[in-house]
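Trainee:
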Amino acid sequence: MAKQDNAVDLVGLLAAEKQDLAASWVREVQESLGRRVGAAELDRELRELYEALVEALRQGAQDVHAEQMSEVRALLTELSRNRARQGFSPSETAISVFALKTVLEPALRDGSADTVRAYLQLGRILDGLGLFTIETYTQTRDELITAQAEQLLELSTPVVRLWDGVIAVPLVGTLDSARTQVVMEKLLQALVDTGSEQAIIDITGVPAVDTQVAQHLLKTIVAARLMGAECTVSGISPQIAQTIVALGIEFDGIVTKASLADALKLALRRSGVDMVAHAGVQR
Amino acid sequence: MTAPWAAGDDPQVYSVARSADVVQIRQVIRALAQQCRLSLVDQTKMITAASELARNTLTYGGGGTVSAGVVSDASKRGVAAVFEDSGPGIADVDQAMTDGWTSGGGLGLGLSGARRLVDDFRLHTVPGEGTTVTIIKWAR
């Protein structure tokens with residue numbers, strides 16, 4: 001029966017001045033968050049959380065992971081996810097829980113030993129809930145970062161159409177296996193979609209070409225060739241050219257050009273397009 | 284084998300455990316090479332060599348560490364990097380240094396190519412214990 005009594009104490013502590021407590025909790029949190037969360041929204045969030053917490057304690061929940069706490073956990077998860085997305089810091093997120101401890105403090109002043117015991121026990125539960133909030137917050141942040149990294153992977157490899165039948169991929173940054181896979185897939189798909197027979201891979205923005213990058217490039221070019229397209233690699237700077245020679249990488253049978261402009265000229269010639277400079281045009 | 288560091292030139296140690304670490308090594312070497320005023324060509328060569336060796340440490344050595352720093356001689360300064368792993372080691376060094384030979388799926392040019400890219404190249408390996416490669420590029 002001791003357990004039941006405990007639960008009664010905890011609920012008693014929280015439910016005694018119900019409206020009052022919930023209201024001061026909202027006020028406390030509102031002060032620390034400033035005006036960045038709407039007053040009505042915060043009020044709704046915290047009151048729901050408060051109801052759920054009282055209910056969970058009434059059912060005898062002992063800690064965060066108790067089955068009775070599932071409603072509280074769900075609400076807290078939603079709260080920390082929202083805070084993480086809105087760019088609040090971990091402390092600002094956890095304060096929503098810890099503020100309740102501050103609000104309960106006045107009850108201790110004229111409370112019995114039982115009240116103090118109940119407060120301490122509730123404090124432990126709230127600490128657990130606070131940690132849970134931070135964990136969820138971090139998890140949400142990690143998910144955001146992963147999603148952004150994936151978006152970056154997509155963004156950084158645009159395939160552009162330079163002319164009828166001529167497409168180009170400007171590569172920027174480090175080429176690792178994951179990115180090369182994306183580049184290769186996009187290039188090959190673009191060859192099909194646009195019906196192009198000329199592809200230019202521009203590596204002006206790639207700071208260093210080591211054997212792994214070279215191998216990825218070679219594989220992409222061979223794959224494009226199997227689809228009946230001709231590939232040109234452009235944007236090879238003097239220092240990269242010398243490094244490739246020293247490394248001993250052979251680009252046999254692969255056409256390379258110093259600049260994208262040269263590569264485009266070649267691709268146009270190959271597809272039978274003549275460029276004519278008109279006499280009399282001011283240059 | 285003696286470390287290339289002189290007194291007062293303590294190197295920074297970086298761990299190589301994921302492929303993202305190889306990118307970090309490249310950036311560290313680039314910063315050091317710029318600090319030593321290596322020419323653009325020499326910078327690129329040193330960065331590429333470091334990239335090859337760091338990837339070897341990761342792929343064949345199962346991860347390890349890289350110590351990188353500035354070294355100085357009587358008359359010149361340079362960038363040095365020591366790649367250490369405690370992987371399976373290299374059974375036949377001559378074979379491993381042959382162009383085009385690979386025990387993995389690469390081009391087989393990383394180790395031999397790296398030697399051509401730098402000024403000093405020392406390889407120390409004990410089968411079953413690990414491999415240490417030291418490279419230095421001097422500023423001209």
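Taken in order, these protein sequences are the chains called A and B.
If you're matching positions, the first sequence starts at 1 in this note's numbering and goes up one per residue.
If you're matching positions, the second sequence starts at 284 in this note's numbering and goes up one per residue.
C-beta atoms are modelled at their ideal positions from N, C-alpha and C, and glycine is treated no differently.
1) Could you tell me the boundaries of the alpha helix (DSSP H) in which A/Thr93 lies?
2) Check the Cβ-Cβ distances between B/Val349 and every residue of chain A, and say whether any is below 7 Å.
3) Using the beta-carbon of each residue, which ones in chain B are nearer than 7 Å to A/Asp210?
4) Report yes or no: is there a C-beta of chain A within less than 7 Å of the C-beta of B/Thr327?
5) Between the Cα of A/Leu144 and the Cα atoms of A/Val192, A/Arg85 and A/Gly173, which residue gives the shortest distance?
6) Looking only at C-alpha atoms, which of B/Gly361, B/Arg398, B/Val324 and B/Thr348 sits nearest to B/Val305?
7) So if I threshold CB-CB distances at 9 Å, which residues from the segment 380-409 of chain B count as touching chain A?
8) Measure how close the beta-carbons of A/Ala261 and A/Ile236 come, nearest whole angstrom, since I'm counting them as under 8 Å.
9) To the nearest angstrom, report how far apart B/Leu454 and B/Val353 are at their CA atoms.
10) Using only the alpha-carbon positions, how far apart do B/Ser298 and B/Pro371 sit?
11) Among residues of its own chain, excluding the 5 on either side of A/Val72, which ones have a beta-carbon nearer than 6 Å to its beta-carbon?
12) Name, in chain order, the residues that DSSP records as bridge partners for A/His278.
13) What's the gap between the Cα of A/Arg225 and the Cα of A/Ala199?
14) Would you say A/Gln181 faces chain B, with C-beta separation under 7 Å as the test?
15) Roughly how far, in whole angstroms, is the beta-carbon of B/Met329 from the beta-carbon of B/Val416, given that I think they are within contact range, below 8 Å?
16) Please list, in chain order, all residues of the same chain as B/Gly345 whose beta carbon is under 6 Å from its beta carbon, the five residues on each side excluded.
17) Could you pull the start and end residues of the beta strand (DSSP E) that A/Lys257 belongs to?
18) Using Cβ-Cβ distances below 9 Å, what residues of the segment 303-323 of chain B are close to chain A?
19) List, in chain order, every chain B residue whose beta-carbon is nearer than 9 Å to that of A/Ala291.
20) Taking the beta strand (DSSP E) that B/Asp368 falls in, what are its first and last residues?
21) If we ignore side chains and look at the alpha-carbon of each, how far apart do A/Ala208 and B/Thr331 end up?
22) List the endpoints of the continuous alpha helix (DSSP H) containing A/Tyr50.
23) Checking the sheet assignment: what are the DSSP bridge partners for B/Ser350?
24) Between the Cα of A/Leu266 and the Cα atoms of A/His278, A/Val222, A/Val233 and A/Leu108, which residue gives the shortest distance?
25) For the alpha helix (DSSP H) containing A/Val83, name the first residue and the last one.
26) Taking C-beta pairs closer than 7 Å, name the residues in chain B that A/Leu171 reaches, listed in chain order.
27) For A/Lys186, verify whether its CB is less than 6 Å away from any heavy atom of the ligand SAM.
28) Taking Cβ-Cβ distances below 8 Å as the criterion, which residues of the segment 238-250 of chain A are in contact with chain B?
29) So with CB distances below 8 Å, who are the chain A contacts of B/Arg338?
30) Shortest alpha-carbon distance to B/Ala333 belongs to which of B/Gly383, B/Ile312, B/Ala303 and B/Thr414?
31) Given B/Gly411, which residues of its chain have a CB within under 8 Å of its CB, disregarding the five upstream and five downstream residues?
32) Beta-carbon of A/Gln139 versus every beta-carbon of chain B: anything under 7 Å?
33) Compare the C-beta of A/Thr174 with all C-beta atoms of chain B and state if any pair is closer than 7 Å.
34) Taking the continuous alpha helix (DSSP H) assigned at B/Thr396, which residues delimit it?
35) Can you give me the C-alpha to C-alpha distance between A/Val103 and A/Leu46, rounded to a whole angstrom?
36) Need the endpoints of the alpha helix (DSSP H) that A/Ile244 sits in, please.
Mentor: According to the structure shown:
1) Numbered from 1 along the first sequence, position 93 holds the residue referred to as residue 93 of chain A. Unbroken alpha helix (DSSP H) run through A/Thr93: Pro90 to Leu104.
2) Residue numbering aside, residue 349 of chain B sits at position 66 when the second sequence is read from its first letter. So, not an interface residue.
3) To locate residue 210 of chain A, count along the first sequence from 1; it is residue 210. Chain B residues near A/Asp210: Thr331, Ser334 and Glu335.
4) Residue mapping note: residue 327 of chain B aligns to position 44 of the second sequence, counting from 1. Yes - at least one Cβ of chain A is within 7 Å of the one on B/Thr327.
5) The sequence position of residue 144 of chain A within the first sequence is 144, counting from 1. If we check each option's Cα against that of A/Leu144, A/Arg85 comes out closest.
6) Reading the second sequence from its first residue, position 22 is the one you call residue 305 of chain B. Cα-wise, what sits closest to B/Val305 is B/Thr348.
7) Asp382, Gly383, Gly388, Gly389, Leu390, Gly391, Leu392, Gly393, Ser395, Gly396, Ala397, Arg399 and Leu400
8) Here residue 261 of chain A is taken as the residue at index 261 of the first sequence, counted from 1. Here residue 236 of chain A is taken as the residue at index 236 of the first sequence, counted from 1. With 8 Å as the limit, A/Ala261 and A/Ile236 do not qualify as a contact, their Cβ atoms being about 13 Å apart.
9) The shown model of chain B, from 284 to 423, leaves out residue 454 of chain B, and the question about it has no answer.
10) Indexing the second sequence from 1 puts residue 298 of chain B at position 15. Indexing the second sequence from 1 puts residue 371 of chain B at position 88. Whole-angstrom Cα-Cα distance: 18 Å.
11) For the purposes of this step, residue 72 of chain A is taken as residue 72 along the first sequence, with counting starting at 1. Counting only Cβ-Cβ distances below 6 Å, and skipping sequence neighbours, we find Ala52, Leu53 and Ala56.
12) Here the question's residue 278 of chain A lines up with position 278 in the first sequence. In DSSP, A/His278 forms no bridge with anything.
13) Within the first sequence, numbered from 1, the residue matching residue 225 of chain A stands at position 225. Within the first sequence, numbered from 1, the residue matching residue 199 of chain A stands at position 199. Answer to the nearest angstrom: the Cα atoms are 10 Å apart.
14) Working through the first sequence from its first residue, we reach residue 181 of chain A at position 181. No, because no Cβ of chain B sits closer than 7 Å to the Cβ of A/Gln181.
15) Counting from one through the second sequence, the residue named residue 329 of chain B turns up at place 46. Counting from one through the second sequence, the residue named residue 416 of chain B turns up at place 133. About 13 Å; that fails the 8 Å criterion.
16) Locating residue 345 of chain B in the second sequence gives position 62, where the first residue counts as 1. The answer, listed in chain order, is Gly370.
17) Translated into positions along the first sequence, residue 257 of chain A becomes position 257. From DSSP, the beta strand (DSSP E) with A/Lys257 extends over Val255 to Lys257.
18) Ala303, Val305, Val306, Arg309, Arg313, Ser322 and Leu323
19) There is simply no residue 291 of chain A to check, as chain A begins at 1 and stops at 283 in what is shown.
20) In the second sequence, residue 368 of chain B corresponds to position 85, counting from 1. Looking at the DSSP string, the run of the beta strand (DSSP E) that includes B/Asp368 is Arg360 to Asp368.
21) Taking the first sequence and counting its residues from 1, one reaches residue 208 of chain A at position 208. Taking the second sequence and counting its residues from 1, one reaches residue 331 of chain B at position 48. Cα to Cα, A/Ala208 sits roughly 6 Å from B/Thr331.
22) If you number the first sequence from 1, residue 50 of chain A lands on position 50. It spans Ala39 to Arg58 - the alpha helix (DSSP H) in which A/Tyr50 sits, taken as one unbroken run.
23) As a working note, residue 350 of chain B is residue 67 in the second sequence. DSSP output for B/Ser350 lists B/Val296 and B/Val365 as bridge partner(s).
24) Your numbering for residue 266 of chain A matches position 266 in the first sequence. When only C-alpha atoms are compared, the closest one is A/Val233.
25) Here residue 83 of chain A refers to the residue found at position 83 when the first sequence is read from its first residue. The amino acid occupying residue 83 of chain A in the given sequence is Arg; Val does not appear at that position. It spans Ser70 to Arg85 - the alpha helix (DSSP H) in which A/Arg83 sits, taken as one unbroken run.
26) Reading the first sequence from its first residue, position 171 is the one you call residue 171 of chain A. Going along chain B, no residue has its Cβ under 7 Å from A/Leu171, so there is no contact; the nearest lies around 15 Å.
27) The ligand SAM is not part of this structure, which contains no ligands at all.
28) Pro238, Gln239, Ile240, Gln242, Thr243, Ala246, Leu247, Gly248 and Ile249
29) Counted from its first residue, the second sequence places residue 338 of chain B at position 55. Those are Asp210 and Gln212, listed as they occur along chain A.
30) Against the second sequence, residue 333 of chain B aligns to sequence position 50. Here the closest residue by C-alpha is B/Ile312.
31) The sequence position of residue 411 of chain B within the second sequence is 128, counting from 1. For B/Gly411, where only same-chain residues beyond five positions count, the Cβ hits under 8 Å are Pro371 and Gly372.
32) The sequence position of residue 139 of chain A within the first sequence is 139, counting from 1. So, not an interface residue.
33) Counted from its first residue, the first sequence places residue 174 of chain A at position 174. Interface residue, yes.
34) Numbered from 1 along the second sequence, position 113 holds the residue referred to as residue 396 of chain B. The sequence given here has Gly at residue 396 of chain B, not Thr. First-last of the alpha helix (DSSP H) with B/Gly396: Gly393 to Leu400.
35) Counting from 1 along the first sequence, the entry for residue 103 of chain A is found at position 103. Counting from 1 along the first sequence, the entry for residue 46 of chain A is found at position 46. C-alpha separation (whole angstroms): 13 Å.
36) Looking up residue 244 of chain A in the first sequence gives position 244. Segment Pro238 to Leu247, the alpha helix (DSSP H) holding A/Ile244.
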